[in-house]
Structure formats: C-alpha cells, structure tokens
Amino acid sequence: MAKTGSIRCSKCLKPVTGYGCENVFRGRKCESKHVYIDIYWHKKRYQYRTDTDGQKLSLDKAQWMLDNIRADIHKANTQPSHHRFRPEDYTFKDASEHQFQALLQRWLQKKEELHTKGKRAWATIANYRSQAKHFEYFAEMDVRRITKSDIEEFFNTHLYRAGLRKKSSLSTIRNGLHSFFAWLHDDVEIISRIPTFPEIEGEESEPRVAMTVPRLNEALSIIPEQYRDLILFNMCTGLRPAEVCALQVKDINADNSITIRRTFSSGKLHERTKQKQMRTIYLSNIPLSIMKNHARGKMPHEFLFTQANGRSFGPNSITHMWRRKSGTGVKLYQAVRHSLATHMLKMGAPIGHISNMLGHATIATTQHYLAVESIDMTDLMNEREKEFTKIVDLTQRQ
C-alpha cells in the first residue's frame, strides 16, 4: 500500500518521526511536540490538527489516525464500487457549537450587522475579514481547548511563514483575534476564560517622517491650486484628511473654533469620528482665514471645502493627488499630522494638548514625544505659520 500523507511539525512544518522535532527552525533546534497530518487527495490538500473530538493531536494519536486514513484511501482506490474515502470523516464533529471556523463566521456576521445598523464602518468590517484569512490555522480546533501555546505557535510560526514580520501588522491581527475570543467569552459565553495572549515581537514599522515648513511650503507651491486651501488648512490643524473633507459649515463655532463630529470611511460619510467622540479645536490665523473664506455664502449643511461642481472632496482623491503632485515622497498623513506634532513639540507644546488636537484615543499614541511646559497652542501655531510663504494669498479675500 502506497504511503499517503505525512505527520508534520506544527512549528517548522517539516516531517517528524519521534517525540520532539529534531529539525532546525530559524537557526535553532525546533523541539516542538505539536504535530498535524498533511494529506493530498484528489488535487486538494487536507490538514488535520485535531481528532474528531477536537483534541490536539499527539504523535501517537496522529500516527493512529494517519494509518486509518491510509487504509481508507487504499480501499477507495482498490474497491471504488464498495468504498469511498471521505476527508470530513476525520474532522472535528462538533462544528456547529464549538469549532473555531463555524464560530468565526458567526462573529463576522455579527460585525456586518453592526455595519448595517450604522455602528461600524465598512472599512472596519473589511479589516476583520482580511484578518480572518490568517485564522485558518485554528479552523478545526475546539475554541474551548485553544491555549496560550496554540496562539504563540500561530504568531511565531504560521504568520512568520506567511511573511508577516512587522510589529504593526502582527498587532492588528492580535487585536482582531483577541476581539473574537472576547466575543466568545462575553457575548455567547462558550469559553470560561480568554486565553493569555503573548507579547508581540516583530520588526518595527518604517519610522514616521516629519517635513520641515520650507519643504511643506515647496510642496504647496506645486500642487494644483484648487487643492491648496484644503491642504494648507490640513497642515495647520493636523486633522485627519478624511475629517477635513467631512467638515460642514454648521461645524463652525462663534469663538473661532471648529467641532469635528464626522468623517469619511470607505467613500461614505459617517456621522462620527474615528474615535467615536466629537472634539473641538481652536483655529489659528491661517486656518481661520481659510475657513471664513470657504464658508462665505454657504448653507449650514454644505461642506466647507467643495470642488468646482459643488461636491465635497474625497479623502482618497486628496491622498492620491498629494502622492502624484507634491514631489515629496512623503505620505499626506505624515505631511499634515506628524509634521505638525513634531513642530509643536519643538516649539514647546505639551504632549496632552497635541494628543487632543490630533484626536488620539489615549496619550500613549503620542507618547514617543516628550511633554514640556504649557504654552498657548494658538500662539505656537501662529508662530509656526509665519514661515509659510504667500503661496495662498489670504489678505486679498477678506
């Protein structure tokens, strides 16, 4: 009888024959005791990490299960009229209640229902679905039996082999997986406790870039004129580009401040911000002048920044325009937000004020900057704006 399939190490994915994998993985001896069965049948690959009761496979259990699979395949090949190999016969049977994959689909459906009710942006749902593709590692497992070691192996082996090395990407996947287990614990009460999640280790993302005011000035001078007011307003306020595009005349307050209460996400306008909280910022001279000029003659419900056809600017079109026309090689997000925060810190602004201006959920997001003595933010912003040349002539409009 031909040998079909193999028992492989869950960590290094190489064939194993004894307890404790002897293969070399990432420069050291693997020594993992977790295994899975790998079968290729009728041009399709099947992998079994648990037995039919949802228990993780030991080497002995895997060998017994593989022997039965091989016997079934042999019978199917030699007695096709009397016997048929069915791969599903060896999968976890309790799929409807405790199988990871079935419950993951239920969780994703709940997230989509929140989107239908207007409580989640479609970009968030799409992000969850993108993350879920990586969770196939757990597909056949019983969620009640998933442990910290399973999750560590998922990050250290499965994602590593998938080419995901950046700490930011791994953290995003970790947050999605943790959210799923929190749902299992809090909402459907299938698990008694959330598994312990390991600390994320990975390559640091590319360092953020801050542009100097002369470089920002130069970029302003070469982008199309119809975008300059919006981009300059963005540079001076540090708002997210999607928040600037979503500003309406009714958001303007009598005390020279503006309230951020909505944003664009996936091309749709949402009556909430990214952090689901309204915030108010006071405008310094340049953005105040731009705001007054663009609000003149408009109704409260109209967008503050509009194209020649009267429609609002879209954040994606603004971002693409900046990439094509600015000649900087720096992302718009970094040019308008990170640059402003860096300049404000150098000029003495306290980190708490900067965090509020940028709309961060917690000060930890802005923690890599150091706070100094309290100085009025509007004065700092006006001082910074003195360096901008008269690319956008505001005095002639008033």
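Taking numbering that gives the first Met the number 0, the leading residue of the sequence shown gets 0, the next gets one more, and so forth.
Idealized CB from N, CA, C, for every residue including glycine.
query                                                                                                               : result
Identified DSSP bridge partners for residue 37                                                                      : 5 and 46
Neighbourhood of residue 12 by C-beta, 8 Å cutoff - its chain only, sequence neighbours within 5 removed            : 156 and 160
Inter-residue spacing [alpha-carbon to alpha-carbon] between residue 80 and residue 18                              : 39 Å
Simplified DSSP assignment, three categories, for residue 373                                                       : Reliability fails at residue 373, whose pLDDT of 39 lies under 50, so the model's placement of it is uncertain and no value is given.
Reduced DSSP category for residue 65 - H, G, I as helix; E, B as strand; rest coil                                  : helix
Cβ neighbour criterion (16 or more within 10 Å) applied to residue 372                                              : Note that residue 372 scores 37 on pLDDT, short of 50, meaning its location in the model is unreliable and no value can be drawn from it.
Buried or exposed by the 16-neighbour rule on C-beta atoms within 10 Å, applied to residue 129                      : exposed
Limits of the beta strand (DSSP E) - the one that residue 281 falls within                                          : 278 to 281
Residue 185 classed as buried or exposed, judged by whether at least 16 other C-beta atoms fall within 10 angstroms : exposed
Residues near residue 0 in its chain [Cβ-Cβ closer than 7 Å; skip 5 each side]                                      : Low confidence applies to residue 0: its pLDDT is 46, below 50, so where it sits in the model is not reliable, and the reading given next is rough at best. Counting only Cβ-Cβ distances below 7 Å, and skipping sequence neighbours, we find 69 and 73.
Where residue 369 falls, given that 16 or more other Cβ within 10 Å makes a residue buried                          : Caution is warranted here: a pLDDT of 39 is assigned to residue 369, below 50, making its placement in the model unreliable, and no coordinate value can be reported.
Short Cβ contact (8 Å threshold) for residue 381 with residue 283                                                   : yes
Ordered list of beta strand (DSSP E) runs contained in the segment 255 to 304, each at least 3 residues             : 256 to 259, 262 to 264, 267 to 269 and 278 to 281
Rounded C-alpha distance that separates residue 265 from residue 106                                                : 21 Å
Delimiting residues of the alpha helix (DSSP H) encompassing residue 244                                            : 240 to 244
Endpoints, the alpha helix (DSSP H) within which residue 314 is located                                             : 314 to 324
Helix, strand or coil at residue 166 [DSSP, three-state]                                                            : helix
Beta-carbon gap between residue 355 and residue 278 smaller than 8 Å                                                : yes
CA-to-CA distance, residue 90 to residue 96, given in whole angstroms                                               : 14 Å
Residue 64 beta carbon less than 8 Å from that of residue 39                                                        : no
Cα-Cα separation, residue 245 to residue 303                                                                        : 8 Å
Complete alpha helix (DSSP H) runs within the segment 217 to 242 (minimum length 4 residues, chain order)           : 224 to 236
Whole-angstrom C-beta distance between residue 341 and residue 280, which should lie under 8 Å                      : The pair is not a contact, with the Cβ atoms about 18 Å apart (cut-off 8 Å).
Inter-residue spacing [alpha-carbon to alpha-carbon] between residue 140 and residue 77                             : 32 Å
Boundaries of the alpha helix (DSSP H) in which residue 351 is found, first to last residue                         : 350 to 357
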